[in-house]
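Heads up, the thing below is written out as structure tokens.
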Amino acid sequence: MAECHRCQKRTVDEAKLLLFSPSTAAVPVGVPLPRASRVAAALESELRNWTSRLAAWVQAQRCYARALAGWIRRCAPPTLDAKAPTPSRSGGGPAPPVYAACVRWSRLMDSASEAAAIEGLEMFVAGVASMAAGHKREEEEVEDPRRAAELGAKVVCAGLAVAVGALAELAANSAEGYEELVRTLRSG
962 MAECHRCQKR TVDEAKLLLF SPSTAAVPVG VPLPRASRVA AALESELRNW
1012 TSRLAAWVQA QRCYARALAG WIRRCAPPTL DAKAPTPSRS GGGPAPPVYA
1062 ACVRWSRLMD SASEAAAIEG LEMFVAGVAS MAAGHKREEE EVEDPRRAAE
1112 LGAKVVCAGL AVAVGALAEL AANSAEGYEE LVRTLRSG
């Protein structure tokens, strides 16, 4: 699992580099572009969907880890407090590794916070929504489309940088947590 999160962080970091590199896919001259307000609205919708899916994914992991921990506690209740660093089973001996793994994984998931990543995505969505409203006004008022496009690109780049940075941090923290869990379980 830690390797998956490291790969996720690497991918996000590579995507951040693309934000600040010159575009290699320039639009040919004379090709009509779709209306900016329509494109911005579609991006806003997709980002809202992405945000809700991320929150649901983290919550599903959290619920699964809690369910496993609850199941293992019912099967082999600990003699120590559930918040003790090394749980043991009733019977006096140390808990089997699977018991410790389930309980610690549940604690890890409960301590993980996706709030910064969700907030970063929501800020990006708000920026795109604001940009979409501005584009719609400008299309109606027939203002300079180049100025609007430049401003839109800046809003998208800034918002995407914040969102991607928050996602990279979530991936790095998750990888670190899983690595710590594995180290703890291997050391006994």
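Each residue of the sequence shown is one higher than the last, beginning at 962 in this note's numbering. Yeah, the Cβ is synthetic: ideal placement off N, Cα and C, and Gly gets one too. Bear in mind that the values here come from a model prediction, so they are computed numbers and not experimental data.
Among Y1139, S1148 and G1120, which has the Cα closest to the Cα of A1073? In the sequence shown, counting from the first residue as 1, residue 1073 sits at position 112. Ranking the options by Cα distance to A1073, first place goes to Y1139.
Less than 8 angstroms between the C-beta atoms of V1143 and A1001, yes or no? Your numbering for residue 1143 matches position 182 in the sequence shown. Your numbering for residue 1001 matches position 40 in the sequence shown. Not in contact: V1143 and A1001 (Cβ atoms no closer than 8 angstroms).
Alpha carbon of S1091 to alpha carbon of E1007, nearest angstrom: What you label residue 1091 is simply residue 130 of the sequence shown in a count that begins at 1. What you label residue 1007 is simply residue 46 of the sequence shown in a count that begins at 1. Roughly 15 angstroms between the two C-alpha positions.
When the Cα atoms are used, what is the spatial distance from W1032 to V1019? Translated into positions along the sequence shown, residue 1032 becomes position 71. Translated into positions along the sequence shown, residue 1019 becomes position 58. W1032 and V1019: Cα-Cα distance of roughly 20 angstroms.
Buried or exposed for V1064, going by 16 or more other Cβ atoms inside 10 Å? By 1-based counting over the sequence shown, the position of residue 1064 is 103. Burial check for V1064: the Cβ neighbour count within 10 Å reaches 16 or more, so the residue is buried.
Do you know how far the Cα of G1081 is from the Cα of V1125? In the sequence shown, the residue the question calls residue 1125 occupies position 164. In the sequence shown, the residue the question calls residue 1081 occupies position 120. Going by the C-alpha atoms only, they are around 8 angstroms apart.
Could you pull the start and end residues of the alpha helix (DSSP H) that P1058 belongs to? Residue numbering aside, residue 1058 sits at position 97 when the sequence shown is read from its first letter. P1058 -> alpha helix (DSSP H) spans P1058 to S1072.
Give the straight-line distance between the Cα atoms of F1085 and P1058, rounded to the nearest whole angstrom. On the sequence shown, position 124 is the one that residue 1085 refers to. On the sequence shown, position 97 is the one that residue 1058 refers to. Computed Cα separation, rounded: 42 angstroms.
Below 7 angstroms CB to CB, which residues in the same chain sit around Q1022 once its five sequence neighbours on both sides are set aside? What you label residue 1022 is simply residue 61 of the sequence shown in a count that begins at 1. So the list reads M1070, once near-sequence residues are dropped.
To the nearest angstrom, how far is the alpha carbon of A1028 from that of G1113? Along the sequence shown, one-based indexing puts residue 1028 at 67. Along the sequence shown, one-based indexing puts residue 1113 at 152. Cα to Cα, the separation comes out at about 45 angstroms.
Rounded to a whole number of angstroms, what is the C-alpha to C-alpha distance between R1034 and L1146? Here residue 1034 is taken as the residue at index 73 of the sequence shown, counted from 1. Here residue 1146 is taken as the residue at index 185 of the sequence shown, counted from 1. Per the coordinates, the alpha-carbon of R1034 lies some 17 angstroms from the alpha-carbon of L1146.
Kindly indicate which residue of S1135, A1136, N1134 and L1128 has the alpha-carbon position closest to the one of W1011. Numbered from its first residue, the sequence shown carries residue 1011 at position 50. Here the closest residue by C-alpha is L1128.
Looking at the structure shown, is E1075 part of a helix, part of a strand, or coil, going by DSSP? By one-based count along the sequence shown, residue 1075 stands at place 114. The three-state secondary structure of E1075, taken from DSSP, is coil.
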